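Worksheet: one structure, shown below.
Number of protein chains: 2
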Amino acid sequence: MATIKEIAEMASVSRTTVSRVLNNSGYVSAEARKRVEKVIEETGYEPSIYAKSLRTKRTSVIGVILPTIKTETPSRIVTGLGSELAKHGYQILLANTNLDKEKEYEYLDLLKTRQVDGIVLLATNTDPKLIQKIKEINVPVVIVGQEAKGIMHVTYDDYHAARELTAFLIQKGHTQIAFIGVHEEDRAVGFLRKRGFLDEMTANGLNVELEWIQEGIFDIDSGKESMGKILKQSVNTPTATIAVTDRLAIGAMSYLKDKDIVIPDRMALVGFGASEISQYLEPALTTVDFQNEKAGEQAANQLLAKLNAQTYQEKIILDYRLLIRQSV
Amino acid sequence: MATIKEIAEMASVSRTTVSRVLNNSGYVSAEARKRVEKVIEETGYEPSIYAKSLRTKRTSVIGVILPTIKTETPSRIVTGLGSELAKHGYQILLANTNLDKEKEYEYLDLLKTRQVDGIVLLATNTDPKLIQKIKEINVPVVIVGQEAKGIMHVTYDDYHAARELTAFLIQKGHTQIAFIGVHEEDRAVGFLRKRGFLDEMTANGLNVELEWIQEGIFDIDSGKESMGKILKQSVNTPTATIAVTDRLAIGAMSYLKDKDIVIPDRMALVGFGASEISQYLEPALTTVDFQNEKAGEQAANQLLAKLNAQTYQEKIILDYRLLIRQSV
DNA sequence: ATTATGTGTGGAATCGATTCCATAATATAG
DNA sequence: CTATATTATGGAATCGATTCCACACATAAT
Chain A
751 MATIKEIAEM ASVSRTTVSR VLNNSGYVSA EARKRVEKVI EETGYEPSIY
801 AKSLRTKRTS VIGVILPTIK TETPSRIVTG LGSELAKHGY QILLANTNLD
851 KEKEYEYLDL LKTRQVDGIV LLATNTDPKL IQKIKEINVP VVIVGQEAKG
901 IMHVTYDDYH AARELTAFLI QKGHTQIAFI GVHEEDRAVG FLRKRGFLDE
951 MTANGLNVEL EWIQEGIFDI DSGKESMGKI LKQSVNTPTA TIAVTDRLAI
1001 GAMSYLKDKD IVIPDRMALV GFGASEISQY LEPALTTVDF QNEKAGEQAA
1051 NQLLAKLNAQ TYQEKIILDY RLLIRQSV
Chain B
751 MATIKEIAEM ASVSRTTVSR VLNNSGYVSA EARKRVEKVI EETGYEPSIY
801 AKSLRTKRTS VIGVILPTIK TETPSRIVTG LGSELAKHGY QILLANTNLD
851 KEKEYEYLDL LKTRQVDGIV LLATNTDPKL IQKIKEINVP VVIVGQEAKG
901 IMHVTYDDYH AARELTAFLI QKGHTQIAFI GVHEEDRAVG FLRKRGFLDE
951 MTANGLNVEL EWIQEGIFDI DSGKESMGKI LKQSVNTPTA TIAVTDRLAI
1001 GAMSYLKDKD IVIPDRMALV GFGASEISQY LEPALTTVDF QNEKAGEQAA
1051 NQLLAKLNAQ TYQEKIILDY RLLIRQSV
């Protein structure tokens, strides 16, 4: 691999001039430029990005911290991020925590050490400690999926999506509605979606029995189990169930099918996330599309804007769409 | 951020000695080491990896080129890769082609420019041109999922898995078996799985009608469509269908349900890939588990072994397991 | 004719590490 | 008591770029 010095010699100019051609900066005569370009072309020379980064302190690498890459939401966000970043010559350095919260801290440090230009954090929580850490490392960070005071973020409108979904069920005549949620530590999915549901029920003067509210974790089996609990404990069985993710809904659906409870006749069912499979289920699942790719793109754009000292928004709340299908 | 020079001054030693402490190399007295370590501890000093890479030509970054991150197989492989690489202090630089074949070439170049220590390629084809390019760039590459002469690779035993799956259907009494495949350019999924199916049929003296063999692309709708074609065209309708991916099988299942064709009674159905959803389908899908995480781990380990000049295997073929469920 | 401005170029310092080499002090062998 | 390892340390070159600064020359303005 050639170096800038060799290119300079071959083109009979100084390293400085080669650098000017490379970066389109300063004054270079047409002839000198031509000679340098010719040599670069012929040798297939590529400047060492490590030497470059050492001087410029910029790496064109964005770190992405995510809880898992195996589920649809993060992988879609990463797809959106990747395509937008690639357009601007940035690469993604991946940091997968595998749901280990401690690793979030570790990776923030690691990515700083790796001197990434910015970090995208697909957060599952928004601990003050985490926020603190983010501010400490002094690297531009954008959080996707959770609101965070004082830190750039791109979120979904979880609260209103939940309200609207609930309103839709009520409008369809349901008055007894169950809810399968997740831990409220996850403010977006756990807290806000539940809040939206409860507020809408209250606004309509509807009561929610305690046993109708279950809390699971982020997997299919958990949805199955929760549905079981809802149906077992209730004196008044609900006629509809809201699950905060499609996977939980799929679990619930699996339970209902096992018990020959027909959807939507005896139990309506809705989810969140618009997973690919949701439309192929039997019956097709009513769900909320949060357009994760777009979230990734927006996060990328805001981060890049900040890096280039352009105007950016501290806070972006994305739109959602209800996908009404046969499960209601 | 402190530099090695400042650390050296603070510990009253030379940069050389600090470097020795950092890398555990050469002779350092106990006292000197202690002083240096203390200063490092106090300042939270982290050596610049760019300066380091510039000298050592090593980056501890592995590039991963993949066709998409949205589907289960690649995201599982990446999970396996990531966890194994992280153990050894390596990071993943992601390059998502979004199924654009041209980008595979581009990214090979880009990753070389980025001076990654090695590349993992989740290949969908094995063009001589691609192989040529890989050899050209002169960076250690391991291909996952496809066999490739002269290049390190980790593959599944697609051929025997397909034969065994076919044999299982035959053993269950099926003699008329349809097949939903993909383009043979994808040698592993398109060619080998089909070959395995056909060979096993022939070995059992069974005939396969031309219309029973359909070719789709990698999505659910395509499976649905293919199932439609199989059932529309046939005089002799098959009693079982093999789809080369679970998503194709899910599409086929969707079609069958629409037409009230009961699985497995009137049509048995099997897939490949052991997708998470497969066990929650109704009926649960019989499929082949290729243990993608393990493939990722193995790929990582072989690559690391090569990088560290340890013994490695040029070629690894992984085991598979038949997951027999209610769809047969 | 003199000064100011614009254009073009290269020398040399710099970024922050690693590593070769020289040197010195101490320990061990002959 | 010399000769030879062994241990410990630092100076200086190096990796491959960018960028400040000085300088030369041509042209335009005064």
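As you go down the protein sequences, you meet chains A and B in turn.
Numbers in my numbering are just positions in the first sequence, counted from 1, shifted up by 750.
Numbers in my numbering are just positions in the second sequence, counted from 1, shifted up by 750.
The beta-carbon is built from N, C-alpha and C at its ideal position, and this holds for glycine as well.
Please read these numbers as outputs of a predicted model, since none were measured by experiment.
Chain B contacts from the stretch 822–835 of chain A (Cβ-Cβ distance under 8 Å):
Within the stretch 822–835 of chain A, the qualifying residues are 822, 825, 826, 828, 829, 832 and 833.
DSSP three-state call for residue 844 of chain A: helix, strand or coil?
DSSP places residue 844 of chain A in strand when its eight states are reduced to three.
Using a Cβ-Cβ cutoff of less than 6 Å, which residues in the same chain neighbour residue 876 of chain B once the five nearest sequence positions on both sides are dropped?
If the five residues before and after residue 876 of chain B are omitted, its C-beta is found closer than 6 Å to the C-beta atoms of 896, 898 and 937, all from its own chain and listed in chain order.
Residue burial classification, residue 921 of chain A (beta-carbon count within 10 angstroms, cutoff 16):
Classification for residue 921 of chain A: exposed.
In its own chain, which residues sit with a C-beta less than 8 Å from the C-beta of residue 1078 of chain A, not counting the 5 before and 5 after it?
Hits under 8 Å: 918, 919, 922, 990, 1014, 1018, 1019, 1020 and 1036.
Would a check of beta-carbon distances place residue 803 of chain B closer than 8 Å to chain A?
For residue 803 of chain B, the nearest CB of chain A lies under 8 Å from its own CB, placing it at the interface with that chain.
Against residue 1077 of chain A, what residues of chain B qualify as contacts under a CB-to-CB distance less than 7 Å, listed in chain order?
For residue 1077 of chain A, there are no C-beta contacts with chain B under 7 Å, since the nearest C-beta of that chain is about 14 Å from it.
In chain order, what residues of the same chain lie with their CB nearer than 8 Å to the CB of residue 1075 of chain A, ignoring the 5 residues before and after it?
Setting aside the 5 residues that flank it on each side, residue 1075 of chain A is surrounded in the same chain by 1028, 1029, 1033, 1034, 1035, 1036 and 1037, each with a C-beta closer than 8 Å to its C-beta; the list follows chain order.
In whole angstroms, what is the alpha-carbon distance linking residue 1051 of chain B and residue 831 of chain B?
Their backbone Cα atoms lie some 9 Å apart in a straight line.
Helix, strand or coil at residue 1096 of chain B according to DSSP, with G and I counted as helix:
Past the edges of chain B, shown from 751 to 1078, lies residue 1096 of chain B, and the structure says nothing about it.
Anything in chain A within Cβ reach of residue 925 of chain B, meaning under 7 Å, just list it in chain order.
Near residue 925 of chain B there are no residues of chain A at all, since even the closest Cβ is about 29 Å away, more than 7 Å.
Within the 8 Å Cβ cut-off, does residue 800 of chain A reach chain B?
Judged by the 8 Å Cβ criterion, residue 800 of chain A is in contact with chain B.
From residue 1048 of chain A to residue 846 of chain A, what does the alpha carbon distance come to, in whole angstroms?
Going by the C-alpha atoms only, they are around 21 Å apart.
On the DSSP bridge list, what partners appear for residue 897 of chain B?
According to DSSP, residue 897 of chain B bridges with nothing at all.
Min CB distance residue 848 of chain A to chain B below 8 Å:
Yes, its Cβ sits closer than 8 Å to a Cβ of chain B.
Can the beta-carbon of residue 819 of chain B be found less than 8 Å from the beta-carbon of residue 858 of chain B?
Their beta carbons are not under 8 Å apart, which means residue 819 of chain B does not touch residue 858 of chain B by this criterion.
Take residue 933 of chain A and list the residues in its own chain whose beta-carbon comes closer than 8 Å to its own, dropping the five residues that flank it on each side.
Excluding five sequence positions before and after residue 933 of chain A, the CB atoms of its chain that fall closer than 8 Å to its own CB belong to 940, 965 and 967, given in chain order.
Over what stretch of residues does the alpha helix (DSSP H) that includes residue 730 of chain B continue unbroken?
Absent from the model: residue 730 of chain B. The displayed extent of chain B is 751 to 1078, so no value can be given.
Nearest candidate by alpha-carbon position, reference residue 879 of chain B, set B/856, B/862 and B/868
Checked all of B/856, B/862 and B/868; the closest Cα to residue 879 of chain B is B/856.
Within 8 Å, do at least three Cβ pairs link the stretch 970–979 of chain B to the stretch 995–1012 of chain B?
The answer is yes - the stretch 970–979 of chain B touches the stretch 995–1012 of chain B, with three or more Cβ pairs under 8 Å.
Interface residues of the stretch 856–876 of chain B facing chain A [CB-CB below 7 Å]
Flagged, chain order: 863, 864 and 865.
Classify residue 1039 of chain A as helix, strand or coil using the three-state DSSP reduction.
The three-state reading of DSSP puts residue 1039 of chain A in strand, counting E and B together.
Same chain, Cβ closer than 7 Å to residue 778 of chain B, five either side skipped, listed in chain order:
Hits under 7 Å: 767, 770 and 771.
Does chain B have any CB closer than 8 Å to the CB of residue 883 of chain A?
Closer than 8 Å: no.
I'd like to check one pair, residue 811 of chain B with residue 782 of chain B: are the Cβ atoms closer than 8 Å?
Their beta carbons are not under 8 Å apart, which means residue 782 of chain B does not touch residue 811 of chain B by this criterion.
Buried/exposed call for residue 794 of chain B, threshold 16 Cβ in 10 Å:
Using a 10 angstroms sphere on the CB of residue 794 of chain B, the tally of other CB atoms stays under 16, which defines it as exposed.
Could you pull out every unbroken beta strand (DSSP E) segment of at least 3 residues lying fully inside the stretch 761–834 of chain A, listed in chain order?
The qualifying runs are 811–816.
When the distance is taken between beta carbons, is residue 1046 of chain A closer than 8 Å to residue 828 of chain A?
Contact: yes.
For residue 844 of chain A, which option in B/850, B/835 and B/903 has the closest C-alpha, if you only look at C-alpha atoms?
The residue with the shortest Cα to Cα distance from residue 844 of chain A is B/835.
If we count the other Cβ atoms within 10 Å of its Cβ and call it buried at 16 or more, is residue 775 of chain A buried or exposed?
Exposure of residue 775 of chain A is indicated by the presence of fewer than 16 other C-beta atoms within 10 angstroms of its C-beta.
Within 10 angstroms of its Cβ, does residue 986 of chain A collect 16 or more other Cβ (buried), or is it exposed?
So residue 986 of chain A ends up on the exposed side.
Quick one: what does DSSP say residue 891 of chain A is sitting in, helix, strand or coil?
DSSP places residue 891 of chain A in strand when its eight states are reduced to three.
Is any beta-carbon of chain B found at less than 8 Å from that of residue 1027 of chain A?
Interface residue, yes.
Considering only their Cβ atoms, is the gap separating residue 822 of chain A from residue 1043 of chain A smaller than 8 Å?
No. Outside cutoff.
Residue 799 of chain B vs residue 865 of chain A beta-carbon contact at 8 Å
Yes, the pair counts as a contact, with Cβ atoms nearer than the cut-off.
Short Cβ contact (8 Å threshold) for residue 912 of chain A with residue 946 of chain A
Taking the C-beta atoms as reference points, residue 946 of chain A is found nearer than 8 Å to residue 912 of chain A.
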